[in-house]
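A short worksheet on the structure shown next.
Protein chains: 2
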Amino acid sequence: MKATAKAHTNIALIKYWGKRNEDIILPTNSSLSLTLDGFYTTTTVAFHDDLSRDVFTLNDQIIEGESYNRVTKFLDLIRNQSEKKHLFAEVHSINTVPTAAGFASSASGFAALAAASTRAIGFNVNDEELSRLTRQGSGSACRSIYGGFVEWEMGSREDGLDSHAIQIASEKHWDVRVAAVVLSSTEKKVSSRAGMKRTVETSPFYTGWLDSIPYDMKEIKAAIREKDFEKTGSIAEANCLKMHATTLGANPPFTYWHDTTMRVMQTVQEMRENGIPAYFTIDAGPNVKVLYLPENEDKVKKVLEDIPGVSDVTLSKPGPGVTYL
Amino acid sequence: MKATAKAHTNIALIKYWGKRNEDIILPTNSSLSLTLDGFYTTTTVAFHDDLSRDVFTLNDQIIEGESYNRVTKFLDLIRNQSEKKHLFAEVHSINTVPTAAGFASSASGFAALAAASTRAIGFNVNDEELSRLTRQGSGSACRSIYGGFVEWEMGSREDGLDSHAIQIASEKHWDVRVAAVVLSSTEKKVSSRAGMKRTVETSPFYTGWLDSIPYDMKEIKAAIREKDFEKTGSIAEANCLKMHATTLGANPPFTYWHDTTMRVMQTVQEMRENGIPAYFTIDAGPNVKVLYLPENEDKVKKVLEDIPGVSDVTLSKPGPGVTYL
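Top line first, the protein sequences correspond to chains A and B.
So for the first sequence, the working numbering puts the first residue at 1; every next one is plus one.
So for the second sequence, the working numbering puts the first residue at 1001; every next one is plus one.
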């Protein structure tokens, strides 16, 4: 009744941006990510018959409130499919995604929770089934079940059975690196969840966004297969710009960008003009992730660290999928 | 055979962004602007029978090249409708749109050229006819024929006869002020003309942009009539964000924004949070124009001047239409 799993975070190269079902988390478009070696969560789940409620600790701190509720809601999903509906769990998570790296912990967090809790309760699930379960905890987490380059196929079924991740290429296929650039000011006035929802409901650009995904997806998969860095990077960068463009059309309009976000984008474009291939991508927040190749690591790190308003640059290689400890 | 006219520049609150006919300049959407008192061009046109080509001076400098070609092409349009097809002209323009204010000189320039050249050659044109002629020199210039709040009705005819400006409210209707905020770095990698064209041809957001215009136009006209500053400003700001969003979806994507552009936008939003109503709008370049009310002039100017990376803030009131001197 106890298991421990480790899962890594991932960075989307084709963004997940919009839900068609908020309850079981079904997306309006397929997305594609790279799992990252540097940032992971290790979670132990133990079901006990002498607990009166779930207990959740993160980095040895007892967690209550919204984060606790999301964890217990996910455990309900697991419990309710078993014969042990009335057992509660102790969940201990250690998050080694440095807060300073600016990644949401939900991707690695829910992937590790799903893996540990299913194993602890005695389910024998394959990766596809695990990804589908994980999706219901946190959408982008379903991609962290796999290592390397991963697609989340949106599916078309209302019950979500065909909405899960698949691996496009393993972490050993291609050593593309990611620099996580964190800004001194990381204020975010609109949450990812609320921003996504407002955009889907009000932006006149949302249809254009959706229409552009199948082509981007087809092209980036070919580019990854061919290890074409320029093509992979430019599709990812353009896709990120499109995602952020949709928020500018929302009512009321909003943006996740700060002035320093803009400066990092300009700097990455200047690096390219100076012969260093590098491309940016930005999630629903002001921080920037920069894709580069191993041979340019020192130069890229130096250039990014020297940008005024940047507080931290953390590097990562492609990482593996879920493992059990 | 000689006449002098003065025309003011204008700032679009609903942007002109896309041509359906590049030859006679027909837009893909209607637009709306405020003519500005502070920035104008005075032009004298004199047709002579002893010239072998047109002569064009701007601020007492002889102009050749692309700018000269646009002027002679416009004069051809006028000459070819007269019995004096073979006369050439001396054109002397004085541009008091300070370069430092970051306005394109083409709006006031072509409005003054159209007014002076038609009068010099002896045409008796009304404002609507003059606006239609002006449009063929420079699209947004057709709005500068009128003072105050002006709509450029896109029209639907292929010959452009129904594509011209009309006045919505005179400069005396409502004293809304504009601060032209110029950045230290004003580099612009994509011209307005090229950016517009690339966006129309490649951005998946262009249809969404067009679809949103009729509502914006209806709402801002009502807001101007009611002198509702919050409504006028927020529609203008949202419309500008939508225009700039379309460029992020172009292939290849581009933006006119710099990091300082972003900082000015953030500062304007902060002013509002601090109780000073102010709204921004941005044309196809990095500079920002800020709308405010007269009672907040000192505060707004001070706040904008104090932004790092801002080199100049120039203020203006609503201005009149074309006048003859």
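A virtual CB, placed ideally from N, CA and C, is assigned to each residue, including glycine.
Computed from a predicted structure; not experimentally measured.
In the DSSP assignment, what residue or residues form a beta bridge with residue i?
i                        : result
proline 1318 (chain B)   : B:Leu1036
aspartate 312 (chain A)  : A:Val182
glutamate 1153 (chain B) : B:His1164
glutamine 61 (chain A)   : A:Leu58
tyrosine 1279 (chain B)  : B:Leu1291
histidine 48 (chain A)   : A:Phe88
tyrosine 1324 (chain B)  : B:Ala1005
proline 1252 (chain B)   : For proline 1252 (chain B), which the question treats as bridged, DSSP gives no partner whatsoever.
arginine 70 (chain A)    : Note: arginine 70 (chain A) sits in no beta bridge, so no partner.
serine 31 (chain A)      : A:Trp152
leucine 26 (chain A)     : A:Asn21
threonine 43 (chain A)   : A:Ala5 and A:Ser93
arginine 177 (chain A)   : A:Tyr292
Can you tell which of the options has its C-alpha closest to the C-alpha of residue i?
i                        : options                                       : result
lysine 328 (chain A)     : A:Lys231, A:Asn274, A:Glu295 and A:Lys317     : Within the shown structure, residues of chain A are numbered from 1 to 325, placing residue 328 (chain A) beyond reach of any answer.
proline 1294 (chain B)   : B:Leu1315, B:Thr1260 and B:Gly1275            : B:Leu1315
aspartate 216 (chain A)  : A:Ser33, A:Thr267 and A:Asp127                : A:Ser33
aspartate 1175 (chain B) : B:Ala1245, B:Val1300 and B:Tyr1292            : B:Tyr1292
alanine 1165 (chain B)   : B:Glu1153, B:Lys1172 and B:Glu1171            : B:Glu1153
proline 1027 (chain B)   : B:Asp1060, B:Arg1263 and B:Gly1160            : B:Gly1160
glycine 1275 (chain B)   : B:Val1300, B:Thr1199, B:Asn1059 and B:Met1262 : B:Val1300
valine 1150 (chain B)    : B:Thr1004, B:Leu1133, B:Met1271 and B:Ser1030 : B:Ser1030
histidine 1173 (chain B) : B:Ile1025, B:Glu1226, B:Ala1089 and B:Arg1263 : B:Glu1226
leucine 1077 (chain B)   : B:Gly1038, B:Glu1064, B:Ser1138 and B:Leu1051 : B:Ser1138
isoleucine 24 (chain A)  : A:Ser311, A:Lys197 and A:Glu158               : A:Glu158
asparagine 69 (chain A)  : A:Phe110, A:Ser140 and A:Ser234               : A:Phe110
cysteine 1142 (chain B)  : B:Tyr1016, B:Glu1305, B:Leu1304 and B:Glu1270 : B:Tyr1016
aspartate 1037 (chain B) : B:Arg1177, B:Asp1298, B:Asn1296 and B:Gly1233 : B:Arg1177
serine 234 (chain A)     : A:Asp298, A:Thr281, A:Phe56 and A:Thr72       : A:Thr281
alanine 169 (chain A)    : A:Arg272, A:Thr42, A:Ala222 and A:Lys242      : A:Ala222
arginine 1079 (chain B)  : B:Glu1305, B:His1048 and B:Glu1066            : B:His1048
arginine 1263 (chain B)  : B:Thr1042, B:His1008 and B:Asp1306            : B:Asp1306
asparagine 10 (chain A)  : A:Met271, A:Val45, A:Gln167 and A:Thr118      : A:Gln167
glycine 148 (chain A)    : A:Glu22, A:Ile224 and A:Phe56                 : A:Ile224
How about residue i and residue j: are their beta carbons less than 8 Å apart?
i                            : j                           : result
asparagine 1287 (chain B)    : isoleucine 1014 (chain B)   : no
lysine 1006 (chain B)        : alanine 1120 (chain B)      : no
serine 1108 (chain B)        : tyrosine 1040 (chain B)     : yes
arginine 135 (chain A)       : serine 163 (chain A)        : yes
histidine 244 (chain A)      : leucine 183 (chain A)       : no
threonine 202 (chain A)      : asparagine 124 (chain A)    : no
tyrosine 1279 (chain B)      : lysine 1188 (chain B)       : no
valine 1091 (chain B)        : leucine 1113 (chain B)      : yes
proline 308 (chain A)        : phenylalanine 229 (chain A) : no
threonine 1035 (chain B)     : glutamate 1171 (chain B)    : yes
phenylalanine 1088 (chain B) : arginine 1053 (chain B)     : yes
glycine 1195 (chain B)       : threonine 1247 (chain B)    : yes
alanine 12 (chain A)         : aspartate 283 (chain A)     : yes
tryptophan 209 (chain A)     : proline 1253 (chain B)      : no
glycine 319 (chain A)        : isoleucine 145 (chain A)    : no
isoleucine 267 (chain A)     : valine 313 (chain A)        : Note on residue identity: the sequence assigns threonine, not isoleucine, to residue 267 (chain A). No, they are not a contact pair.
valine 1310 (chain B)        : valine 1181 (chain B)       : yes
leucine 241 (chain A)        : threonine 42 (chain A)      : no
Output the boundary residues of the beta strand (DSSP E) element that contains residue i.
i                        : result
lysine 1289 (chain B)    : 1288-1292
lysine 1172 (chain B)    : No beta strand (DSSP E) holds lysine 1172 (chain B); DSSP gives it neither H nor E.
glutamate 1090 (chain B) : 1088-1095
arginine 1020 (chain B)  : 1019-1021
Could you give the residue range of the alpha helix (DSSP H) that holds residue i?
i                        : result
isoleucine 121 (chain A) : 106-121
histidine 8 (chain A)    : First-last for histidine 8 (chain A): 2-14, but that is the beta strand (DSSP E), not the alpha helix (DSSP H).
tryptophan 209 (chain A) : 206-225
threonine 1261 (chain B) : 1259-1273
lysine 188 (chain A)     : Segment: none, lysine 188 (chain A) is in no alpha helix (DSSP H) and carries neither H nor E.
serine 1131 (chain B)    : 1127-1135
aspartate 298 (chain A)  : 297-305
Hey, would you say the C-beta of residue i is under 7 Å away from at least one heavy atom of the ligand FMN?
i                    : result
serine 203 (chain A) : This structure lacks the ligand FMN; in fact it carries no ligand of any kind.
Mind pulling the chain E residues with CB within less than 9 Å of residue i?
i                     : result
proline 286 (chain A) : Considering every chain present, this structure includes no chain E. Its protein chains are A and B.
Of all the residues that make up the stretch 193-218 of chain A, which are near chain B by a beta-carbon distance shorter than 8 Å?
Of all residues in the stretch 193-218 of chain A, Ser203, Pro204, Phe205, Tyr206, Thr207, Gly208, Trp209, Asp211 and Ser212 have a Cβ within less than 8 Å of some Cβ in chain B.
Looking at chain A, which residues of the stretch 1305-1319 of chain B have a Cβ within less than 8 Å of any of its Cβ atoms?
Against chain A - using a Cβ distance shorter than 8 Å - the stretch 1305-1319 of chain B contributes no residues.
Just by C-beta distance, which residues in the stretch 1256-1278 of chain B are closer than 8 Å to chain A?
Trp1257, His1258, Asp1259, Thr1260, Thr1261, Met1262, Arg1263 and Gln1266
To be precise: take each residue of the stretch 226-246 of chain A, compare its Cβ to all Cβ atoms of chain B, and keep it if any distance is under 8 Å. Which residues remain?
Ser234, Glu237, Ala238, Leu241, Lys242, His244, Ala245 and Thr246
Mind listing which residues of the stretch 144-162 of chain A have their C-beta closer than 7 Å to chain B's C-betas, in chain order?
none
Along the stretch 13-36 of chain A, where does the CB come closer than 8 Å to a CB of chain B? Name the residues.
none
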